[in-house]
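These notes are about the structure you will find just below.
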Amino acid sequence: MGRLQQSNAAGNAILEVVSNSGLPAHDKYCIQYNPDYQKLPKSLEDATPVNLKDFSSIEGCDINDYAGHHISSHHTVAAVMRGSCTFVEKAQIAETANATAALVIDYKNSSYTPVPAGNKTDFGSFNISLAVIAWNDYHKIIQSGGLKRVSFYAPPRERWNANMMFIIFGSTLLVLFGGAWAAYSEEHGMRQQNKAKQNGENTEEDEDGVPITICGVLIWFTCICGVILLLYFFYDYMVYVFIALFCIAGAHSLYRCLLPLWTRIMPIRYDIPLNRLPCVKSTSKANLGSLILLMPCLTLGIFWAVERHASYAWVLQDILGACFCVYLIKDLRLPSLKIIGILLVMLLVYDVFFVFITPLMTSDGESVMVSVATGGNRKSKESLPMVFLIPLFGDSPLNMCRERSYSLLGFGDVIVPGLLVAFNAVCDVRLRKGGRYRMLYFIIALIGYLFGMVVCMVSLILMESGQPALLYLVPCTLVPTVVMAMCRKELGLLWRGHASITIDMLDRMETQAGRANVQANNCAADDDIDDDDDVNETVSLRANDRREEQRNLIANIM
Numbered sequence: 001m002g003r004l005q006q007s008n009a010a011g012n013a014i015l016e017v018v019s020n021s022g023l024p025a026h027d028k029y030c031i032q033y034n035p036d037y038q039k040l041p042k043s044l045e046d047a048t049p050v051n052l053k054d055f056s057s058i059e060g061c062d063i064n065d066y067a068g069h070h071i072s073s074h075h076t077v078a079a080v081m082r083g084s085c086t087f088v089e090k091a092q093i094a095e096t097a098n099a100t101a102a103l104v105i106d107y108k109n110s111s112y113t114p115v116p117a118g119n120k121t122d123f124g125s126f127n128i129s130l131a132v133i134a135w136n137d138y139h140k141i142i143q144s145g146g147l148k149r150v151s152f153y154a155p156p157r158e159r160w161n162a163n164m165m166f167i168i169f170g171s172t173l174l175v176l177f178g179g180a181w182a183a184y185s186e187e188h189g190m191r192q193q194n195k196a197k198q199n200g201e202n203t204e205e206d207e208d209g210v211p212i213t214i215c216g217v218l219i220w221f222t223c224i225c226g227v228i229l230l231l232y233f234f235y236d237y238m239v240y241v242f243i244a245l246f247c248i249a250g251a252h253s254l255y256r257c258l259l260p261l262w263t264r265i266m267p268i269r270y271d272i273p274l275n276r277l278p279c280v281k282s283t284s285k286a287n288l289g290s291l292i293l294l295m296p297c298l299t300l301g302i303f304w305a306v307e308r309h310a311s312y313a314w315v316l317q318d319i320l321g322a323c324f325c326v327y328l329i330k331d332l333r334l335p336s337l338k339i340i341g342i343l344l345v346m347l348l349v350y351d352v353f354f355v356f357i358t359p360l361m362t363s364d365g366e367s368v369m370v371s372v373a374t375g376g377n378r379k380s381k382e383s384l385p386m387v388f389l390i391p392l393f394g395d396s397p398l399n400m401c402r403e404r405s406y407s408l409l410g411f412g413d414v415i416v417p418g419l420l421v422a423f424n425a426v427c428d429v430r431l432r433k434g435g436r437y438r439m440l441y442f443i444i445a446l447i448g449y450l451f452g453m454v455v456c457m458v459s460l461i462l463m464e465s466g467q468p469a470l471l472y473l474v475p476c477t478l479v480p481t482v483v484m485a486m487c488r489k490e491l492g493l494l495w496r497g498h499a500s501i502t503i504d505m506l507d508r509m510e511t512q513a514g515r516a517n518v519q520a521n522n523c524a525a526d527d528d529i530d531d532d533d534d535v536n537e538t539v540s541l542r543a544n545d546r547r548e549e550q551r552n553l554i555a556n557i558m
């Protein structure tokens with residue numbers, strides 16, 4: 001659920017200050033333009049230097065704003081302040097005022113420099129270049145005084161860079177950890193149940209996690225669609241709700257991921273009655289060691305919320321997000337392949353619809369998914385934190401523009417396929433207890449996820465636009481799982497789910513036990529032994545040994 005894309009990089013270009021002789025003055029600044037509807041030269045050599053005319057005292061929203069500011073030369077770029085009209089209207093009026101290009105100066109306290117928005121019709125209404133520059137960068141240009149000549153150009157972007165490899169293998173590792181943790185929890189629970197049964201205790205099978213039914217899937221899907229629409233129409237308000245939720249959920253997930261390791265390092269057994277804490281009337285107790293771990297986890301979540309606009313905040317967001325994904329993969333239990341298949345197909349349709357179909361419905365031609373994921377041109381200037389942010393690496397001249405440019409991968413693109421991987425891992429554990437396979441379903445789904453990420457990246461490069469990752473990840477994980485289950489004649493077991501696997505294995509073991517008894521009796525009947533008492537004793541011992549062996553196998557399955 002989400003869109004894999006490179007944020008902000010597509011609209012980056014370079015403004016270079018050149019001397020009157022045409023030689024570069026080595027002062028370069030990052031600007032934003034709309035590459036979908038405008039073309040800029042690819043290098044400084046191909047660009048034509050133009051005079052920079054300072055109109056920073058006006059907004060350029062009316063032709064009368066240029067009264068008394070005559071543009072004498074046609075080779076002039078008009079620099080105006082961002083204001084009450086659109087970028088397109090500023091360009092139209094600047095062209096009317098005889099300017100070659102319009103350079104819009106962003107607000108002084110803006111958190112990022114936006115790409116000029118508009119559709120094909122808007123940009124077809126003028127024939128000059130349009131770009132946006134940060135307020136600080138513009139004032140660095142003009143503070144030295146004198147006539148300035150500048151050139152606009154947009155070096156070609158790298159088609160492949162190191163952060164793509166980081167996304168591929170990083171997301172695969174998260175799915176691996178989540179699935180392996182689910183398998184370990186399942187095996188540990190089965191051991192505990194077997195131990196309790198050997199001690200003569202009555203136990204019921206306890207699912208370690210949150211089970212999901214078909215009704216739950218439908219409710220979940222409806223809520224997801226409703227939430228993304230709320231974000232699209234009320235983004236400036238809903239984004240703060242999600243920031244608060246991510247702060248809490250990320251801190252809790254970090255705590256849950258570290259707790260198993262923490263209890264081994266610091267096995268503190270002391271419990272604190274909660275009724276001794278201020279404003280708490282519960283009779284339950286809290287472990288002191290767990291509280292010690294919880295404090296730094298909450299602190300990290302709050303620190304991210306406070307410093308989320310800092311240059312290093314992406315590291316904290318990715319750490320909290322990674323723990324969030326791994327913990328949900330482990331904790332959300334999908335009981336059958338039927339339920340997980342329905343969920344994955346529904347979310348695949350959801351992803352494709354909100355990425356590819358909604359641009360045909362929106363007024364600005366931008367998809368709902370992109371608008372929500374990047375924040376668009378919203379007043380709040382906040383970004384939704386439910387994505388991984390990976391800085392763009394490489395040696396491109398556009399690196400100077402990449403202080404706040406990232407590749408984006410939605411958490412849903414890790415969690416949703418990860419639920420299938422975790423389901424396969426749990427099935428492998430239950431089947432493996434019958435002495436048959438060794439994590440084959442888990443491995444095939446994990447390889448499918450890795451392959452799907454590679455295909456998604458290739459599509460990103462070839463199409464040069466953001467991709468709905470689930471379009472590739474769902475088929476690459478679900479289809480191999482179904483094919484392998486059909487080849488193993490276990491599709492019915494996986495389709496019905498974990499409980500069906502346990503019952504089937506019990507039936508198999510009991511059948512094998514019956515066959516063993518029959519074989520033992522047949523062998524005894526065929527032997528010509530004179531001492532009937534010895535024969536009966538031998539047959540009885542063989543049958544008892546077989547029964548005991550089968551009981552142990554059945555107990556291991558449970």
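Residue numbers (the UniProt record's numbering): 1 to 558.
Using N, Cα and C, we set each Cβ at its ideal position, and we do this for glycine too.
Segment limits, alpha helix (DSSP H) that includes residue i
{"i": "isoleucine 329", "result": "313–331"}
{"i": "proline 41", "result": "That residue, proline 41, is in no alpha helix (DSSP H); it is neither H nor E in DSSP."}
{"i": "valine 355", "result": "Counting along the chain, valine 355 falls outside any alpha helix (DSSP H), and DSSP gives it neither H nor E."}
{"i": "methionine 190", "result": "162–198"}
{"i": "residue 593", "result": "Outside the shown range of the chain (1 to 558) lies residue 593, about which nothing can therefore be said."}
{"i": "serine 459", "result": "440–463"}
{"i": "glycine 289", "result": "288–306"}
{"i": "alanine 373", "result": "368–374"}
{"i": "aspartate 122", "result": "120–123"}
Beta-carbon contacts of residue i that lie in its chain and below 7 Å, excluding the five residues immediately before and after
{"i": "lysine 53", "result": "Ile71, Thr76, Val77, Ala78, Ala79"}
{"i": "aspartate 530", "result": "Note that aspartate 530 scores 48 on pLDDT, short of 50, meaning its location in the model is unreliable; the coordinates nonetheless yield the value given after this. Within the same chain, aspartate 530 has no close Cβ partners at all."}
{"i": "leucine 470", "result": "Met1, Leu347, Leu348, Asp351, Asp413, Val416"}
Inter-residue Cα distance where the pair is residue i and residue j
{"i": "residue 563", "j": "glutamate 186", "result": "Because residue 563 is not part of the residues shown, which for the chain are 1 to 558, the question remains open."}
{"i": "valine 132", "j": "phenylalanine 55", "result": "14 Å"}
{"i": "glutamate 16", "j": "alanine 99", "result": "18 Å"}
{"i": "threonine 374", "j": "proline 155", "result": "23 Å"}
{"i": "lysine 379", "j": "cysteine 85", "result": "14 Å"}
{"i": "proline 417", "j": "lysine 90", "result": "46 Å"}
{"i": "aspartate 27", "j": "valine 18", "result": "8 Å"}
{"i": "residue 582", "j": "isoleucine 141", "result": "Since the displayed the chain opens at 1 and closes at 558, residue 582 lies outside it and no answer follows."}
{"i": "phenylalanine 169", "j": "valine 315", "result": "17 Å"}
{"i": "phenylalanine 233", "j": "glycine 365", "result": "15 Å"}
{"i": "leucine 343", "j": "valine 474", "result": "10 Å"}
{"i": "leucine 293", "j": "arginine 308", "result": "23 Å"}
{"i": "leucine 254", "j": "asparagine 199", "result": "36 Å"}
{"i": "proline 260", "j": "glycine 178", "result": "14 Å"}
{"i": "proline 480", "j": "glycine 216", "result": "26 Å"}
{"i": "aspartate 62", "j": "valine 50", "result": "23 Å"}
{"i": "cysteine 456", "j": "glycine 466", "result": "10 Å"}
{"i": "leucine 258", "j": "methionine 295", "result": "12 Å"}
Residue i, enclosing beta strand (DSSP E) - first and last residue
{"i": "asparagine 136", "result": "Looking at the DSSP string, asparagine 136 is not in any beta strand (DSSP E); the run it does join, the alpha helix (DSSP H), is 135–142."}
{"i": "phenylalanine 388", "result": "387–391"}
{"i": "lysine 53", "result": "50–55"}
{"i": "leucine 103", "result": "101–105"}
{"i": "cysteine 148", "result": "Here residue 148 turns out to be lysine, not cysteine, going by the sequence shown. Note, lysine 148: beta strand (DSSP E), 148–153."}
{"i": "glutamate 16", "result": "12–18"}
{"i": "tyrosine 33", "result": "Element bounds for tyrosine 33: n/a, residue is neither H nor E."}
{"i": "serine 407", "result": "406–410"}
Spatial neighbours of residue i in its chain, beta-carbon cut-off 8 Å, leaving aside the 5 residues before and after
{"i": "serine 125", "result": "Val88, Gln92"}
{"i": "leucine 231", "result": "Met238, Val239, Phe242, Val372, Leu384"}
{"i": "isoleucine 58", "result": "Asp65, Tyr66, His69, Val80, Met81"}
{"i": "threonine 213", "result": "Pro335, Ile339"}
{"i": "aspartate 46", "result": "Tyr153"}
{"i": "aspartate 318", "result": "Phe388, Leu389, Ile390"}
{"i": "phenylalanine 356", "result": "Ser367, Pro468"}
Residues near residue i in its chain [Cβ-Cβ closer than 6 Å; skip 5 each side]
{"i": "alanine 182", "result": "Lys330, Ala422, Ala425, Val426"}
{"i": "proline 391", "result": "Tyr406"}
{"i": "alanine 101", "result": "Val77, Ile128, Ser129"}
{"i": "cysteine 476", "result": "Gly448, Phe451, Gly452"}
{"i": "alanine 134", "result": "Asp106, Thr113"}
Assumed close pair residue i, residue j - CB separation to whole angstroms, cut-off 8 Å
{"i": "glycine 497", "j": "serine 336", "result": "3 Å"}
{"i": "glycine 250", "j": "cysteine 323", "result": "7 Å"}
{"i": "tyrosine 350", "j": "cysteine 225", "result": "7 Å"}
{"i": "asparagine 34", "j": "proline 114", "result": "At roughly 10 Å, the Cβ-Cβ gap does not stay under 8 Å, so asparagine 34 and proline 114 are not in contact."}
{"i": "phenylalanine 123", "j": "glutamine 38", "result": "6 Å"}
{"i": "methionine 386", "j": "glycine 410", "result": "7 Å"}
{"i": "glycine 301", "j": "threonine 263", "result": "Wrong, their Cβ atoms sit about 21 Å apart, outside the cutoff."}
{"i": "alanine 13", "j": "glycine 60", "result": "Alanine 13 to glycine 60, Cβ: 20 Å. No contact."}
Residue-level contact to chain C via CB, residue i, 8 Å cutoff
{"i": "valine 483", "result": "Among the chains of the structure shown, chain C does not appear; only one protein chain is present."}
**OP:** Scan the stretch 215–273 and note each continuous beta strand (DSSP E) run of 3 residues or more that stays entirely inside, going in chain order.
**Re:** Restricted to the stretch 215–273, the beta strand (DSSP E) segments that are unbroken, complete and at least 3 residues in length are 271–273, listed in chain order.
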